[in-house]
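Residue numbers (the working numbering): -15 to 284.
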């Protein structure tokens, strides 16, 4: 039977009640009617939950970025690259969900030139089960926009029968903070951005997210898209044995054409420039001299 939209299963037993039940009725011919509340069928089964995680290759955060002389972009040749730090957090969270038996498989995805496979091997060494490289060669990779990446993610999510997508809230190179939101829109899935804590409960998920006023707790149904904030977790270091194993794992290589995805850019970069150099200050002897200098510069 159904009570207030919840399926209820009736079980007849002649055994004494050993534990309190949600609801019990009177005896009928020596038998007691015990009612157990049964959850409605879940949209996503935890035992088969496949998690898709985005991994972007970016210039290492410790490297000083240099602008090209022609101001068309930044220098990338001969520069150390690594996984976007927020994506490391996303991989760590997905692996933890698998360790808790919540997820069954973690699939890492990276879009860009062939060197992105190094980033994917880092994800495999951290605990991802599989890796997919959507190859976008240079110079096309320099104009790959969040919308193009979101199209790729949404197509792979359908092909891989994914129940959860986790991405970093933003990349440290362009700071767009758009990929997760666009992916959720294309899939028509709920989204939880800036997540600092994730708890999966059946076919839904409770997410604590960072907002300007503090913390906000929301509940979303799955499948869903989550973007990881800095305080979600602390990523693990890949061990040497896992690094060696990751080098031997096969990476599935695809192209946007294989997926039937159009990644043509919709914006054009006019110029990239260094921030203006801050001018040196000067010391003054007293307040009157300070006022005179401010007047001479037109500040007062």
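Positions of the beta carbon are idealized from the N, C-alpha and C atoms, including for glycine. Keep in mind it's a predicted model, so treat the numbers as computed, not measured.
Residue i vs residue j beta-carbon contact at 9 Å
i, j, result
"residue 209", "residue 148", "yes"
"residue 114", "residue 91", "yes"
"residue 107", "residue 33", "no"
"residue 191", "residue 182", "yes"
"residue 109", "residue 229", "yes"
"residue 284", "residue 275", "yes"
"residue 227", "residue 116", "no"
Supposed close pair residue i, residue j - CB separation, criterion 8 Å
i, j, result
"residue 141", "residue 163", "Not a contact, Cβ separation roughly 13 Å."
"residue 207", "residue 146", "7 Å"
"residue 153", "residue 212", "6 Å"
"residue 202", "residue 193", "7 Å"
"residue 58", "residue 51", "6 Å"
Interface flag, residue i vs chain B, CB-CB below 9 Å
i, result
"residue 154", "Among the chains in the structure shown there is no chain B, since it carries only a single protein chain."
Residue nearest to residue i in terms of C-alpha spacing, selected from the options
i, options, result
"residue 156", "280, 219, 272 and 49", "49"
"residue 239", "64, 96 and 86", "96"
"residue 138", "41, 168 and 202", "168"
"residue 258", "36, 56, 34 and 32", "56"
"residue 268", "278, 46, 108 and 43", "278"
"residue 121", "105, 94 and 108", "94"
"residue 64", "82, 42, 85 and 76", "42"
"residue 161", "185, 192 and 129", "129"
"residue 198", "271, 178 and 66", "178"
"residue 166", "187, 143 and 132", "132"
"residue 39", "76, 62 and 51", "76"
"residue 172", "225, 204 and 231", "204"
"residue 254", "127, 36, 67 and 89", "127"
"residue 250", "124, 60, 170 and 46", "124"
"residue 81", "36, 272, 45 and 118", "36"
"residue 136", "237, 266 and 264", "237"
"residue 176", "214, 189 and 46", "189"
"residue 241", "265, 60 and 118", "118"
"residue 104", "84, 159, 85 and 68", "68"
"residue 265", "45, 227 and 281", "281"
"residue 256", "84, 116, 158 and 224", "158"
"residue 66", "174, 45 and 225", "45"
Residue i: first and last residue of the uninterrupted alpha helix (DSSP H) it sits in
i, result
"residue 110", "100 to 110"
"residue 79", "69 to 83"
"residue 236", "Run containing residue 236: none in the alpha helix (DSSP H); it sits in the beta strand (DSSP E), 236 to 238."
The beta strand (DSSP E) enclosing residue i, as first and last residue numbers
i, result
"residue 228", "Segment 224 to 232 is the alpha helix (DSSP H) holding residue 228; no beta strand (DSSP E) there."
"residue 183", "175 to 185"
"residue 280", "Looking at the DSSP string, residue 280 is not in any beta strand (DSSP E); the run it does join, the alpha helix (DSSP H), is 271 to 280."
"residue 54", "No beta strand (DSSP E) holds residue 54; DSSP gives it neither H nor E."
"residue 201", "198 to 205"
"residue 133", "Taken as a continuous stretch (DSSP letters only), residue 133 belongs to no beta strand (DSSP E), being part of the alpha helix (DSSP H) at 130 to 143."
"residue 36", "34 to 38"
"residue 148", "148 to 152"
"residue 155", "First-last for residue 155: undefined, no H or E at that position."
Touch test, the stretch 239 to 257 against the stretch 98 to 112, Cβ-Cβ under 8 Å, three pairs minimum: By the Cβ criterion, the stretch 239 to 257 is not in contact with the stretch 98 to 112, since fewer than three pairs of Cβ atoms, one from each stretch, lie closer than 8 Å.
The stretch 69 to 77 / the stretch 211 to 224 touching (three or more Cβ pairs under 8 Å): Verdict: yes, contact present.
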